[in-house]
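Residue numbers (my numbering): 2 to 339. Heads up, the beta-carbon is just placed ideally off N, CA and C, and yes, glycines get one too. In this text, all values refer to a predicted model and were calculated from it rather than measured experimentally. Notes follow the structure.
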Amino acid sequence: MKTAITEMFGIQHPIIQGGMHYVGFAELASAVSNAGGLGIITGLTQKTPELLAKEIARCRDMTDKPFGVNLTFLPTFAAPPYPEYIAAIREGGVKIVETAGRSPEQYMPALKAAGIKVIHKCTSVRHSLKAEAIGCDAVSVDGFECGGHPGEDDMPNMILLPRAAEELKIPFVASGGMADARSLVAALAMGAQGMNMGTRFIATKEAPVHDNVKNALVKASELDTRLIMRALRNTERVLTNAKVEKLIEIEREKGKDLKIADIMDQVAGVYPKVMIDGDMDAGAWSCGMMVGLIHDIPSVKELIDRIMADAEQIIRGRLTGFLDGTVETVSPAVHKVA
Ligand SMILES: Cc1cc2nc3c(=O)[nH]c(=O)nc-3n(C[C@H](O)[C@H](O)[C@H](O)COP(=O)(O)O)c2cc1C
Numbered sequence: 002m003k004t005a006i007t008e009m010f011g012i013q014h015p016i017i018q019g020g021m022h023y024v025g026f027a028e029l030a031s032a033v034s035n036a037g038g039l040g041i042i043t044g045l046t047q048k049t050p051e052l053l054a055k056e057i058a059r060c061r062d063m064t065d066k067p068f069g070v071n072l073t074f075l076p077t078f079a080a081p082p083y084p085e086y087i088a089a090i091r092e093g094g095v096k097i098v099e100t101a102g103r104s105p106e107q108y109m110p111a112l113k114a115a116g117i118k119v120i121h122k123c124t125s126v127r128h129s130l131k132a133e134a135i136g137c138d139a140v141s142v143d144g145f146e147c148g149g150h151p152g153e154d155d156m157p158n159m160i161l162l163p164r165a166a167e168e169l170k171i172p173f174v175a176s177g178g179m180a181d182a183r184s185l186v187a188a189l190a191m192g193a194q195g196m197n198m199g200t201r202f203i204a205t206k207e208a209p210v211h212d213n214v215k216n217a218l219v220k221a222s223e224l225d226t227r228l229i230m231r232a233l234r235n236t237e238r239v240l241t242n243a244k245v246e247k248l249i250e251i252e253r254e255k256g257k258d259l260k261i262a263d264i265m266d267q268v269a270g271v272y273p274k275v276m277i278d279g280d281m282d283a284g285a286w287s288c289g290m291m292v293g294l295i296h297d298i299p300s301v302k303e304l305i306d307r308i309m310a311d312a313e314q315i316i317r318g319r320l321t322g323f324l325d326g327t328v329e330t331v332s333p334a335v336h337k338v339a
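Here you go:
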């Protein structure tokens, strides 16, 4: 399949693996890139720019295909040394950066001077337009369904994607709730040039996380995510567990007076405990609503090949079948792709 995104990033399939804290290591990024998608290393999971440089080198050893690095601009006063992280990316020869969180405006000159293509992930049309205005090459439009930070507008992709298509001149991919071929074809129909998946890629053989995490994703339903930290205007969608329910109870009690200090026990230092140790009750960690569509743990290549094969069947069979009036001859299996 050829779209503006496959052409921009030099990849075979219009599928991107979004940056994920303590998941986006070289193992996963290289597996996605080797399977024809765009794998992304999560920059800030590497505690220093030197460690990021090593992770980039490790990824380069595992793939000769393009891959990217995620740089998340956190709402914090003690900012990580972003210029040094960008230097590690530049010196590592990485040509694609996924930015997220705050606007990357301040860092655009450095990224552009290094010949890096920037895809900014954002949750609204206005932020997408801002990204376009400051010179981003593409946008990852992240709907309310997404794992991680859906923003404060609560706009699902059914509305957000066609609205983005109405306003944007630069290409965009659909992010949030993307699970399979049905998501991809729907996203393309709504004006996107590809899709970005987070949660789905955690339940793959190559994702370097504890098996407990993968099994929890297979077991969970679409009803099992919760929104937390709304009162802090830092809303995050997470998988529920005992600590998350406790956190929600604290939020209810404190209301508008909630401070981050009130919920430290539920949100601080959680990722290594969950992803490395497999302690599923360690606290709050990001997970998208599409978790209800995860039924297996394939290899990344199996997942991507299946998505692309099923997408072709949906387009050539089901959709063309509707136009030709022959839809009853189309395999019902298409409705149930995994
Ligand atoms: C466990 C987890 C950790 C994540 N960490 C980050 C991160 O550090 N930076 C970032 O920009 N996005 C992060 N995300 C968001 C993903 O990159 C992606 O935008 C999101 O998962 C898309 O929604 P989906 O989960 O419905 O596919 C994370 C998502 C998950 C599930």
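Residue interval of the alpha helix (DSSP H) (run including residue i)
{"i": "S141", "result": "Run containing S141: none in the alpha helix (DSSP H); it sits in the beta strand (DSSP E), 139-143."}
{"i": "R201", "result": "200-203"}
{"i": "A32", "result": "27-35"}
{"i": "V271", "result": "271-276"}
{"i": "T321", "result": "321-325"}
{"i": "E46", "result": "In the sequence as displayed, the identity of residue 46 is Thr instead of Glu. Run containing T46: none; DSSP gives neither H nor E here."}
Residue i CB to nearest heavy atom of ligand 1 below 7 Å
{"i": "V236", "result": "Before going further, note that residue 236 is Thr rather than Val in the sequence given. No, ligand 1 has no heavy atom inside 7 Å of this Cβ."}
{"i": "K55", "result": "no"}
{"i": "H22", "result": "yes"}
{"i": "E146", "result": "yes"}
{"i": "C123", "result": "no"}
{"i": "R103", "result": "no"}
{"i": "D143", "result": "yes"}
{"i": "C1", "result": "Here the chain comprises residues numbered 2 to 339, so residue 1 is not present and cannot be evaluated."}
{"i": "S222", "result": "no"}
{"i": "M198", "result": "yes"}
{"i": "G318", "result": "no"}
Whole-angstrom distance between residue j and residue i, CA atom to CA atom
{"i": "A89", "j": "V70", "result": "10 Å"}
{"i": "I316", "j": "A187", "result": "10 Å"}
{"i": "M9", "j": "K118", "result": "8 Å"}
{"i": "V268", "j": "A285", "result": "6 Å"}
{"i": "M2", "j": "Q13", "result": "7 Å"}
{"i": "F323", "j": "A312", "result": "15 Å"}
{"i": "L161", "j": "G144", "result": "7 Å"}
{"i": "E274", "j": "V210", "result": "Looking at the sequence provided, one finds Lys at residue 274 rather than Glu. If I take the Cα positions, the gap works out to 10 Å."}
{"i": "E168", "j": "R319", "result": "30 Å"}
{"i": "A139", "j": "L130", "result": "10 Å"}
{"i": "A339", "j": "A310", "result": "Its pLDDT being 47, under 50, A339 is placed unreliably by the model, and the measurement read from it follows with that caveat. Those two C-alpha atoms are separated by around 12 Å."}
{"i": "K215", "j": "G25", "result": "14 Å"}
{"i": "P84", "j": "G270", "result": "25 Å"}
Bounding residues of the beta strand (DSSP E) (the contiguous stretch that carries residue i)
{"i": "G102", "result": "97-102"}
{"i": "N242", "result": "N242 -> no beta strand (DSSP E), and no H or E assigned at all."}
{"i": "K215", "result": "First-last for K215: 212-220, but that is the alpha helix (DSSP H), not the beta strand (DSSP E)."}
Close beta carbons around residue i, own chain, < 8 Å, minus the five adjacent residues each side
{"i": "K113", "result": "V119, G136"}
{"i": "K257", "result": "A232"}
Cβ-heavy atom distance, residue i to ligand 2, below 7 Å
{"i": "R201", "result": "Ligand 2 is absent from the structure shown, which contains only ligand 1."}
Residues of its chain near residue i, where Cβ-Cβ distance is below 7 Å and the 5 sequence neighbours each way are ignored
{"i": "P163", "result": "M191, G192"}
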